[in-house]
Amino acid sequence: MGAGNLKALAKEHNIVALCDVNQITLDKEAEKYPEAKKFQDYRRMFEQMADKIDGVVIATPDHSHAAITMDAMKLGKSVYTQKPLTYTVGEARVLTEYAREHNIITQMGNQGRSAEGIRLTTEWIHDGAIGKIREVHAWTDRCWRKWFYGNQGERPEEIQPIPETLQWDLWLGPAPERPFHSTYLDGKWRAWWDFGTGALGDMGCHILDPVFLALNLGAPESVNASGTVDAKEQFPFGAIIHYNFPARGDMPPVKLHWYEGGLKPERPADLETGRKLADNGVIFVGETGNLMCGCYGSSPRIFPEKLMKAYKLPEKTLPRVDCPHEIEWARAIKSGQQPCSSFEYSGPLTEMVLLGVLAMRHDDEIIWDSKNLKATNAPQLDKYINREYRPGWSL
Numbered sequence: 233m234g235a236g237n238l239k240a241l242a243k244e245h246n247i248v249a250l251c252d253v254n255q256i257t258l259d260k261e262a263e264k265y266p267e268a269k270k271f272q273d274y275r276r277m278f279e280q281m282a283d284k285i286d287g288v289v290i291a292t293p294d295h296s297h298a299a300i301t302m303d304a305m306k307l308g309k310s311v312y313t314q315k316p317l318t319y320t321v322g323e324a325r326v327l328t329e330y331a332r333e334h335n336i337i338t339q340m341g342n343q344g345r346s347a348e349g350i351r352l353t354t355e356w357i358h359d360g361a362i363g364k365i366r367e368v369h370a371w372t373d374r375c376w377r378k379w380f381y382g383n384q385g386e387r388p389e390e391i392q393p394i395p396e397t398l399q400w401d402l403w404l405g406p407a408p409e410r411p412f413h414s415t416y417l418d419g420k421w422r423a424w425w426d427f428g429t430g431a432l433g434d435m436g437c438h439i440l441d442p443v444f445l446a447l448n449l450g451a452p453e454s455v456n457a458s459g460t461v462d463a464k465e466q467f468p469f470g471a472i473i474h475y476n477f478p479a480r481g482d483m484p485p486v487k488l489h490w491y492e493g494g495l496k497p498e499r500p501a502d503l504e505t506g507r508k509l510a511d512n513g514v515i516f517v518g519e520t521g522n523l524m525c526g527c528y529g530s531s532p533r534i535f536p537e538k539l540m541k542a543y544k545l546p547e548k549t550l551p552r553v554d555c556p557h558e559i560e561w562a563r564a565i566k567s568g569q570q571p572c573s574s575f576e577y578s579g580p581l582t583e584m585v586l587l588g589v590l591a592m593r594h595d596d597e598i599i600w601d602s603k604n605l606k607a608t609n610a611p612q613l614d615k616y617i618n619r620e621y622r623p624g625w626s627l
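Residue 436 in this note's numbering sits at position 204 of the sequence shown, with consecutive numbering throughout.
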C-alpha cells in the first residue's frame, strides 16, 4: 500500500525521503524516486529530515501504526496512516485527541471514503429511500489464516537467522519480543494477534465505512462475537460479530452484524433469484425495502428491484472528492482544511471496528463505556484496549 500511496502522491508532490526496515524493499522503491534519501529507521529519518518534510505516509503493519504516527505528529507533521488507523481502541482515541488538540492535518487510508459509492449510499439512506433502518448485515471473504496457513495456528518452533537486509527489531516495534521467522512477513502478519487485526481490522474500515457514515453510528453500547477460535496465536477461520447501537437523533437503535472468513448473512427473501451476494458487501434492512452495496459503498442498489425502478434519486448533497484519496490529503496540507477521512472521523470509525476485534477475545457480551474506554463487565480486557508496549517504545 505504501508503494501505491507514493505513486499517487508523486503525480503532484515531491517524495523527499523513504523508509523501510527491509533494505531490499527500500532499494527497489528508491529506484523510482532517486532524489529521495533512504532510511531503515524512521526515527533517524525524522532526526535528519524533519525540516524538509511536510507530511508522512505510514503504511506499516498494524501493530506499529500508532507509535510512528504519533512521533510524526509530535514533530508537527501531517500524517496519512493506513487503515486500520491503529492496532488497539485506546491508540485510536489517543491519536484522534492529539490531532484535534494540535490541529494536525490527517487522513486514514480508507480510500473508499473519497469515492462516489459511499456518498450515494448515504444520500439515499438520508433521503428515506428504504425507511428507518434497525438492522444491517456486512461481510467479507477475507481469512488470512486460512489463505496463508491452512491448519497451522501456532508459532513455528524453528528459529531462522535474521536476514542481513532486515532490521527485525524495528519490524517488531512495540510488539512483544519473538524470534525471527519469515512466516510473519509479506502480509502474513495479518493472521497473527500480535501484529494484525484480522479480517475485520483489514476490511472493516472499508466495508463498514458507509454504514458508519450513513447511520451516524458512533460507539456501540455492546458487542459480542462467535467464531472458530482454536489457536491462541492466530485469528479464527471465521467469525460473526454483533454490534448494538443506541438511537441517534431521529434514527432508531440498530443492530449491525459482521461476517468474515466467507460466512455470509441469510439470503434475503425479497432478493430476486439470480442476484448474488458479492464476496464483500453490506445489506441495510429498512422498513420499506433494502439497500445493498459493495465494498466502499460501491454500486448501491435498492431491492426488491421494483422499488429501485420506482425510486426518484435525490439531489447530491455531500461534497465530492475529485482526486485520489492521497492527493486530497496533500492538498489539505496546503489549504489547512481537513480531508474527508481525518482522524476526527476515522478515529471513531477505527474504534468501532476494533471493538469487534476485541470481542473475539471474549466469550461473552462486552458492555462498552466509550467515554472511559472500558468494557465495564470485563476488566480483564483492559490489556487489549491499551496495549503495553515493548521496552524502548511508547505512544
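Backbone N, C-alpha and C fix where the C-beta goes; we use that ideal spot for every residue, glycine too.
Given this structure, state the Cα-to-Cα distance separating residue i from residue j, to the nearest angstrom.
{"i": "residue 589", "j": "residue 433", "result": "7 Å"}
{"i": "residue 325", "j": "residue 591", "result": "18 Å"}
{"i": "residue 413", "j": "residue 404", "result": "12 Å"}
{"i": "residue 268", "j": "residue 261", "result": "10 Å"}
{"i": "residue 532", "j": "residue 281", "result": "45 Å"}
{"i": "residue 379", "j": "residue 422", "result": "11 Å"}
{"i": "residue 438", "j": "residue 345", "result": "8 Å"}
{"i": "residue 617", "j": "residue 400", "result": "25 Å"}
{"i": "residue 606", "j": "residue 506", "result": "45 Å"}
{"i": "residue 449", "j": "residue 311", "result": "25 Å"}
{"i": "residue 443", "j": "residue 392", "result": "44 Å"}
{"i": "residue 386", "j": "residue 376", "result": "14 Å"}
{"i": "residue 246", "j": "residue 238", "result": "10 Å"}
{"i": "residue 274", "j": "residue 529", "result": "35 Å"}
{"i": "residue 581", "j": "residue 574", "result": "11 Å"}
{"i": "residue 539", "j": "residue 445", "result": "23 Å"}
{"i": "residue 555", "j": "residue 567", "result": "15 Å"}
{"i": "residue 576", "j": "residue 342", "result": "14 Å"}
{"i": "residue 578", "j": "residue 603", "result": "17 Å"}
{"i": "residue 336", "j": "residue 319", "result": "20 Å"}
{"i": "residue 396", "j": "residue 271", "result": "15 Å"}
{"i": "residue 418", "j": "residue 484", "result": "43 Å"}
{"i": "residue 427", "j": "residue 552", "result": "35 Å"}
Could you check if residue i is buried or exposed, using at least 16 other CB atoms within 10 Å of its CB as the buried criterion?
{"i": "residue 334", "result": "exposed"}
{"i": "residue 570", "result": "buried"}
{"i": "residue 651", "result": "Only positions 233 to 627 of the chain appear in the structure, and residue 651 is not among them; the question remains open."}
{"i": "residue 308", "result": "exposed"}
{"i": "residue 383", "result": "exposed"}
{"i": "residue 328", "result": "buried"}
{"i": "residue 452", "result": "buried"}
{"i": "residue 276", "result": "exposed"}
{"i": "residue 619", "result": "buried"}
{"i": "residue 482", "result": "exposed"}
{"i": "residue 608", "result": "exposed"}
{"i": "residue 302", "result": "buried"}
{"i": "residue 256", "result": "exposed"}
{"i": "residue 233", "result": "exposed"}
{"i": "residue 625", "result": "exposed"}
{"i": "residue 292", "result": "buried"}
May I ask you to report which of helix, strand or coil DSSP gives residue i?
{"i": "residue 251", "result": "strand"}
{"i": "residue 310", "result": "strand"}
{"i": "residue 376", "result": "helix"}
{"i": "residue 284", "result": "helix"}
{"i": "residue 604", "result": "coil"}
{"i": "residue 343", "result": "helix"}
{"i": "residue 527", "result": "helix"}
{"i": "residue 594", "result": "coil"}
{"i": "residue 424", "result": "strand"}
{"i": "residue 513", "result": "strand"}
{"i": "residue 570", "result": "coil"}
{"i": "residue 503", "result": "coil"}
{"i": "residue 403", "result": "helix"}
{"i": "residue 444", "result": "helix"}
{"i": "residue 274", "result": "helix"}
{"i": "residue 625", "result": "coil"}
{"i": "residue 300", "result": "helix"}
{"i": "residue 369", "result": "strand"}
{"i": "residue 438", "result": "helix"}
{"i": "residue 453", "result": "coil"}
{"i": "residue 615", "result": "helix"}
Thinking residue i and residue j are a contact (beta carbons under 8 Å), I'd like their distance in whole angstroms, please.
{"i": "residue 241", "j": "residue 353", "result": "Not quite, the Cβ-Cβ distance comes to about 27 Å (not below 8 Å), so this is no contact."}
{"i": "residue 536", "j": "residue 511", "result": "So it is not a contact: roughly 23 Å between Cβ atoms."}
{"i": "residue 586", "j": "residue 429", "result": "6 Å"}
{"i": "residue 365", "j": "residue 447", "result": "6 Å"}
{"i": "residue 290", "j": "residue 314", "result": "6 Å"}
{"i": "residue 398", "j": "residue 254", "result": "5 Å"}
{"i": "residue 525", "j": "residue 349", "result": "6 Å"}
{"i": "residue 534", "j": "residue 521", "result": "5 Å"}
Taking 6 Å as the line, does the beta carbon of residue i fall inside it for any heavy atom of the ligand ATP?
{"i": "residue 558", "result": "The ligand ATP is absent from the structure shown, which contains no ligand whatsoever."}
_Does the structure place the region 366 to 376 close enough to the region 508 to 519 that three or more beta carbon pairs sit under 8 Å?_
yes
*Does the region 486 to 505 touch the region 463 to 472, meaning 3 or more C-beta pairs lie closer than 8 Å?*
yes
*Decide yes or no for the touch test of the region 290 to 305 against the region 555 to 574: beta carbon pairs closer than 8 Å, at least 3 of them.*
no
*the region 344 to 360 in contact with the region 542 to 550 per 3-pair CB rule at 8 Å*: yes
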